[in-house]
Each structure stands twice: as structure tokens, then as C-alpha cells.
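Going down the list, the sequences are from chains A and B. Its first residue numbered 1, the first sequence is counted upward by one per residue in my numbering. Its first residue numbered 1001, the second sequence is counted upward by one per residue in my numbering. The beta-carbon is built from N, C-alpha and C at its ideal position, and this holds for glycine as well. This structure is a prediction, so every number in the text was calculated from the model and none was measured. These notes concern the structure reproduced below.
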Amino acid sequence: GAGVSQSPSNKVTEKGKDVELRCDPISGHTALYWYRQSLGQGLEFLIYFQGNSAPDKSGLPSDRFSAERTGGSVSTLTIQRTQQEDSAVYLCASSLAQGQDTQYFGPGTRLTVL
Amino acid sequence: AQSVTQPDIHITVSEGASLELRCNYSYGATPYLFWYVQSPGQGLQLLLKYFSGDTLVQGIKGFEAEFKRSQSSFNLRKPSVHWSDAAEYFCAVGTAAGNKLTFGGGTRVLVKP
Chain A
1 GAGVSQSPSN KVTEKGKDVE LRCDPISGHT ALYWYRQSLG QGLEFLIYFQ
51 GNSAPDKSGL PSDRFSAERT GGSVSTLTIQ RTQQEDSAVY LCASSLAQGQ
101 DTQYFGPGTR LTVL
Chain B
1001 AQSVTQPDIH ITVSEGASLE LRCNYSYGAT PYLFWYVQSP GQGLQLLLKY
1051 FSGDTLVQGI KGFEAEFKRS QSSFNLRKPS VHWSDAAEYF CAVGTAAGNK
1101 LTFGGGTRVL VKP
């Protein structure tokens, strides 16, 4: 079956612009996660959605970052007023539910802020 | 808060030789432990996971890992490395609620012919 998909695969933007990154989780997975992978910080948790519960936003680095999940499926991560330090690979993962279920990762979106 | 340390940033191993990647974690309760592999330009693929029970866990691609609570370790091993095993390997710990993973810094494995 289809895995987690992310779009775009690459995004180059200018400092100060807003960007939107999309994640399509595996069908039927109720939990969705965003992580960021950068040279300086490694792999970091950003935000987590589980069903209709309020998302866990504890990993978002600043208020320029936000995410939503529509209809319990597709998620969009938005970065406003991008900065060069936002350059990273943004990874999305989904799992059947929270807890012990395996998180399946998408290929990521590589964001470059010039 | 939980943390994961992978002491080796790079490891070079000859094809056919054995491989061991170290992982040490810090977590106040029973950890949920994972090893993921990331090939160039690819997402993360789960190799194996430990939640409870037998402390020796078998995974895909011939990998295994052993949970040692006394040493707070979860080292990954493979008896005979193939060239296709060249990749970056990440150890991660999950909380009991399982709502997020904390990753180590990764170990990049190079395989010599």
C-alpha cells in the first residue's frame, strides 16, 4: 500500500517568505507527527496530532511555526517569515494510533531558505 | 526529559565483517526503544523496536539489538555487513504515551569493499 507522502520534495524560498509543507499520512492512521532534521540540531520533534485531540505543539521552535490537520488526514506545516535557520529537512510520520505503534516516515521536504 | 546518545558519528566496516552501533538512553521510566535507518535521500525506515519482554530483539535486514537496562543501552548489531547497509542509523526513545520520539545524533556507516 501507499506510504506517507510529502510535498514538495524540495522547496527553495527567500528569507521572509511564508512556506507550506504538506503531508499525506497512511490511510487509516490516526496519529501524525512532524519532525525536523537539520545539521546543527539533528532530528527534532515538532508537533503531533492524534485524532480529534488538541495537538501537542511542544516541539515547535517559535510562533512562526504552525500546523493543522484537516479531516483527520492531510496535514500542512506552515512556516511564516522564514529565516535561514529554518533550512532543514522536514519529516512527517504517521502511526495507527499513539503509544506503541510504529511511526512510518515520509521521504521529507528539503527546505532551503536563501 | 529523555535523551539518546550515539557515541560514534562515523563507523567504517569491511563488507562481510560484523557491525555494532552503540546507543545509550536516559529516561526515567520504562523506555520504548527504536532503531531506524536512513539511506541517502530517503526517509527513515524502522529496523526494530523494543517495548518489553525478551531483551534481544530481531529486526529486518538481519539486524538485532539487545536492551540492557543496567547499562541504559540498546546496541544494534549485524553479524555480516553488506554494501547495501551503508546508511545512517538512528536510535530513538519513545515515552510511555508514545507521542513523540527523541532521536540520537545518528551514526553514519560506510562499508568498504
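Among the residues of the segment 15 to 38 of chain A, those with a Cβ less than 7 Å away from any Cβ of chain B are Tyr33, in the order of the chain. Take Ser1014 of chain B, set aside five residues on each side of it, and the residues of its chain with a beta-carbon closer than 6 Å to its own are Lys1112, in chain order.
Contact holds between the segment 1074 to 1092 of chain B and the segment 1018 to 1036 of chain B, because three or more Cβ pairs, one in each stretch, are under 8 Å apart. Taken through DSSP and simplified to helix, strand or coil, Asp1085 of chain B comes out as helix.
In chain order, Tyr1036, Gln1038 place their CB closer than 6 Å to the CB of Leu1044 of chain B, counting only its own chain and leaving out the 5 sequence neighbours on each side. Arg22 of chain A sits in a strand when the DSSP states are folded into three classes. Its Cα nearest to that of Thr1102 of chain B, the residue A:Leu46 stands out among A:Leu46, A:Gln6, A:Thr13, A:Gly3. By the neighbour-count definition (other C-beta atoms within 10 Å, threshold 16), Thr1095 of chain B is a buried residue.
In the DSSP assignment, Phe1103 of chain B falls within the beta strand (DSSP E) that extends over 1101 to 1103. Close to Gly1043 of chain B, with beta-carbon spacing below 7 Å, are these residues of chain A in chain order: Leu91, Phe105, Gly106, Pro107, Gly108. In this structure, Val1109 of chain B and Asp1085 of chain B form a Cβ contact; the two beta carbons are roughly 6 Å apart against a cut-off of 8 Å. Chain A places a beta carbon closer than 8 Å to that of Gly1105 of chain B, counting this residue as a contact. Taking 8 Å as the CB threshold, Leu1047 of chain B stays off the interface with chain A.
Secondary structure at Gly42 of chain A: strand, using DSSP grouped into helix, strand and coil. Excluding residues up to 5 positions away in sequence, Arg1108 lie with their Cβ nearer than 6 Å to the Cβ of His1010 of chain B in the same chain. Taking a beta-carbon distance threshold of 8 Å, Leu43 of chain A counts as an interface residue toward chain B.
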